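**Student:** First, the structure itself, so that you have it in front of you.
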Amino acid sequence: MLYYFIMIKTNQFALGVLALLLSGAGQIKADSLTLKITKKYLNLPVSHQIDRNVLSMKVDGKTERKFDIRLAADKPDYWVFCDMSEYKNKDVTIVYPGPDGTLKQVYQDNEIAGKDSLYKEQNRPQFHFSSRRGWNNDPNGLLYYEGEYHLFYQHNPYEREWGNMHWGHAVSRDLIHWEELPVALYPDEHGTMFSGSVVVDYTNTAGFNKGDTPALVAIYTADNPEKEIQCIAYSLDKGRSWKKYSKNPVIDSKAKWNSKDTRDPKVFWHKPTNKWVMVLNERDGHSIYNSDNLKDWTFESHITGFWECPELFELAVDGKGNTTRWVMYGASGTYMIGSFDGKKFTPESGKHYFLTGASYAAQTFTNIPESDGRRIQIGWGRIQAKDMPFNMLMLLPVELSLHTTNNGIRMYSKPVTELDQLEKEVQQWRNLTIDQANNYLKPYADESCMRIKTKLKLSHATSAGLKLFGQSLVDYDMNFNLVNGVFYSPDDFTSMEIEADIIIDKTSVEVFIDGGAYSYSFERKADMNNTNGFQFFGNNIEVLDLKICTMKSIWNVGLQK
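Quick look at the structure:
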């Protein structure tokens with residue numbers, strides 16, 4: 001047996017110690033490496049100069065994990081990691097059909113490679129959630145349970161591009177500060193882990209509970225080349241570990257719809273009918289299924305006109321609990337308002353929109369305590385983190401509400417109040433000229449993270465708003481009723497005023513107009529030829545209110561400007 005002692009260093013961190021000692025040693029072949037797992041993480045080098053190939057990990061002769069990766073044979077672009085905790089003190093054989101010596105840089109450690117720069121990277125969002133490494137997209141399984149908000153999400157741990165869909169996992173006690181936990185769901189024989197939801201089975205309908213401990217039950221789509229099927233898994237330790245149901249799938253509806261597109265189950269308990277309800281996107285819209293036990297499901301109805309990531313929830317109108325409507329929602333953010341009897345959604349108006357831009361596949365939390373009463377939503381922000389070992393982010397959590405407007409009942413969204421705790425160095429002025437407002441904003445042009453609340457009064461029906469280094473944060477064209485190019489008409493049809501809550505992170509901008517009647521998000525992207533910083537613009541406008549806040553990082557590290 002050969003033992004290798006390799007120490008490679010860079011000026012940022014130790015690349016590796018493939019110190020394959022007698023206690024943790026292994027033997028290297030052209031395309032395989034056997035390690036006794038003695039550390040928490042396996043660090044893997046990634047290079048985008050090569051094509052993806054399949055890496056597999058075998059334990060006791062059985063393939064436990066298999067995923068695509070661009071494993072670097074030479075200098076990596078960045079490093080990713082596998083949490084190997086469940087294989088502690090076991091021999092793991094890694095097989096990768098790359099060139100001879102491809103696996104030589106793979107090494108074990110109790111820290112991930114690049115830990116010293118974690119959350120301080122140049123393009124790391126400072127108060128939006130992003131994963132430590134790899135790609136993330138749709139939020140999944142948003143759930144409140146025993147003091148923790150759970151955020152599961154579509155995740156490729158092994159590359160900054162889409163693929164290898166797992167369920168990532170993070171928790172928070174305040175919706176703002178997040179702790180990333182180990183991967184919750186790995187791909188299996190049924191396919192990769194697509195979107196879904198999580199519920200608390202308090203009354204043990206599925207039979208997974210243990211004593212007084214209710215099971216958290218995840219309902220998710222498994223995707224494979226042939227079809228998409230719905231499966232379940234459960235956890236008895238607050239989501240830290242999961243066991244998949246041995247009789248998966250619980251729904252296989254490809255034949256019914258003659259379509260592979262049957263995915264993204266959102267499940268909730270419907271108290272009036274004493275049933276579990278699943279909303280499932282199938283082919284050309286959303287289907288409703290019922291179940292008594294989360295295992296056996298009955299198709300009830302279907303409504304066309306939606307694509308992916310369904311939602312169905314009830315909201316009070318104008319905050320009055322005795323007047324409610326149900327909201328049917330799709331991945332694009334369009335929605336219908338109507339009624340729901342447990343089996344069928346009947347629309348009364350729609351389709352409407354209340355947000356545009358980077359948001360996609362937003363989901364709301366289940367199991368929020370009645371004493372709180374909010375319907376809280378998080379969306380995937382389709383905003384690149386350029387040249388980083390991670391990619392994409394989650395948008396800020398928002399509270400959804402229904403309001404009676406001159407156009408009928410409409411949905412609003414506003415940032416949760418918990419965001420206010422990040423505000424610092426708050427300054428506020430009223431009744432300013434455009435020159436005065438620009439002068440007050442001038443010192444903040446290079447701030448990485450800002451929140452600006454403002455109210456403008458126009459005197460002409462022309463374009464007015466606020467720019468940052470030439471990029472329009474708000475551009476209100478009253479003549480064509482456009483806000484940043486999208487049609488918007490205020491509830492007061494003849495109003496000459498507009499309010500904006502503008503939230504700026506290192507790579508993103510989110511804007512909430514007129515108390516959340518309309519919101520949008522986009523990539524922060526300055527015009528490099530523009531040196532003006534913040535600039536209000538418009539024909540003889542008044543800045544009726546201007547509040548400026550710099551924002552703290554949620555990562556407890558210094559902001560990188």
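Residue numbers (our numbering): 1 to 561.
Even glycine gets a Cβ: it sits at the ideal position worked out from N, Cα and C.
If you're wondering where the values come from, they're calculated on a predicted model, not measured in any experiment.
1) Can you tell me whether residue 415 is buried or exposed, with buried defined as 16 or more other CB within 10 angstroms of its CB?
2) Counting only the same chain and skipping the five closest in sequence on each side, list residues whose C-beta sits under 8 Å from that of residue 43.
3) Opposite residue 179 in the DSSP bridges: which residues?
4) Look up residue 196 in the DSSP assignment and give the residues it is bridged to.
5) State the DSSP-derived secondary structure class of residue 135, mapped to helix, strand or coil.
6) Return the residue from the list 272, 284, 306, 181 that minimises the CA-CA distance to residue 290.
7) Roughly how many whole angstroms lie between the Cα atoms of residue 325 and residue 193?
8) Should residue 407 go down as buried or exposed, given a rule of 16 or more other Cβ atoms within 10 Å for buried?
9) Classify residue 45 as helix, strand or coil using the three-state DSSP reduction.
10) Under a Cβ-count criterion, where at least 16 other Cβ atoms within 10 Å of its own Cβ denotes burial, should residue 145 be classed as buried or exposed?
11) Mind checking residue 487: buried by the 16 CB within 10 Å criterion, or exposed?
12) Rounded to whole angstroms, what's the CA-CA distance from residue 441 to residue 187? Just pull it up for me.
13) Going by CA-CA distance only, name the one from 365, 359, 367, 371 that's closest to residue 381.
14) Going by Cα to Cα distance, which pick from 478, 422, 361, 522 is closest to residue 548?
15) Look at the Cβ atom of residue 311, then the Cβ atom of residue 395, and state whether they are nearer than 8 Å.
16) If we count the other Cβ atoms within 10 Å of its Cβ and call it buried at 16 or more, is residue 6 buried or exposed?
17) In the segment 454 to 525, which residue ranges form an unbroken beta strand (DSSP E) of at least 3 residues, counting only runs that do not cross its ends?
18) The beta strand (DSSP E) spanning residue 555 covers which residue range?
19) Any idea if residue 22 is buried or exposed, counting beta-carbon neighbours within 10 angstroms, 16 or more meaning buried?
20) If you follow the beta strand (DSSP E) that residue 402 is part of, which residue opens it and which one closes it?
21) At which residues does the beta strand (DSSP E) containing residue 83 begin and terminate?
22) Can you list, in chain order, the residues of its chain with a C-beta nearer than 6 Å to that of residue 467? Leave out the 5 residues immediately preceding and following it.
23) In its own chain, which residues sit with a C-beta less than 6 Å from the C-beta of residue 28, not counting the 5 before and 5 after it?
24) Could you tell me which uninterrupted beta strand (DSSP E) segments, each at least 3 residues in length, are contained entirely in the segment 82 to 130, listed from first to last along the chain?
25) Closer than 6 Å by C-beta to residue 566: which residues in its own chain qualify, once you throw out the five before and the five after it? Chain order, please.
26) Consult DSSP for residue 563 and reduce its assignment to one of helix, strand or coil.
27) Taking residue 264 as part of the beta strand (DSSP E), name the residues at either end of that continuous run.
28) What's the C-alpha gap between residue 343 and residue 384?
29) I'd like to check one pair, residue 479 with residue 494: are the Cβ atoms closer than 8 Å?
30) Report the option in 296, 178, 491 whose CA atom is closest to the CA atom of residue 231.
31) Once the 5 residues before and after residue 426 are set aside, which same chain residues still bring their CB inside 6 Å of it?
32) Could you please give the first and the last residue of the uninterrupted beta strand (DSSP E) stretch that includes residue 50?
33) Are the Cβ atoms of residue 139 and residue 288 separated by less than 8 Å?
34) Check residue 544 in the structure and name its three-state DSSP category.
35) Please state if the CB of residue 267 and the CB of residue 197 are separated by a distance shorter than 8 Å.
36) On the DSSP bridge list, what partners appear for residue 434?
**Tutor:** So, from the data block:
1) buried
2) 16, 79, 80, 81, 106, 107, 108, 109, 112, 113
3) 171
4) 220
5) strand
6) 272
7) 32 Å
8) exposed
9) strand
10) Classification for residue 145: buried.
11) An exposed status is given to residue 487, since fewer than 16 other beta-carbon atoms sit within 10 Å of its beta-carbon.
12) 49 Å
13) 359
14) 422
15) no
16) With a pLDDT of 30 at residue 6, under the threshold of 50, the predicted position of this residue should be treated as unreliable, though the coordinate-derived value follows. So residue 6 ends up on the exposed side.
17) 463 to 468, 471 to 477, 497 to 504, 508 to 513, 518 to 523
18) Counting along the chain, residue 555 falls outside any beta strand (DSSP E), and DSSP gives it neither H nor E.
19) Model confidence at residue 22 stands at a pLDDT of 31, short of 50, so the residue's coordinates are unreliable and nothing is read from them.
20) 398 to 405
21) Per DSSP, residue 83 belongs to the beta strand (DSSP E) from 78 to 83.
22) 535
23) Note that residue 28 scores 41 on pLDDT, short of 50, meaning its location in the model is unreliable; the coordinates nonetheless yield the value given after this. Closer than 6 Å at Cβ, skipping near neighbours: no residue.
24) 91 to 95, 107 to 109
25) What the structure shows of the chain is the stretch from 1 to 561, and residue 566 is not part of that stretch, so it cannot be assessed.
26) For the chain, the structure presents residues 1 to 561; residue 563 sits outside this window and is missing.
27) 262 to 270
28) If you draw a straight line from the Cα of residue 343 to the Cα of residue 384, it comes to about 40 Å.
29) no
30) 296
31) 549.
32) Residue 50 -> no beta strand (DSSP E), and no H or E assigned at all.
33) no
34) strand
35) yes
36) Its beta-bridge partners do not exist; DSSP assigns none.
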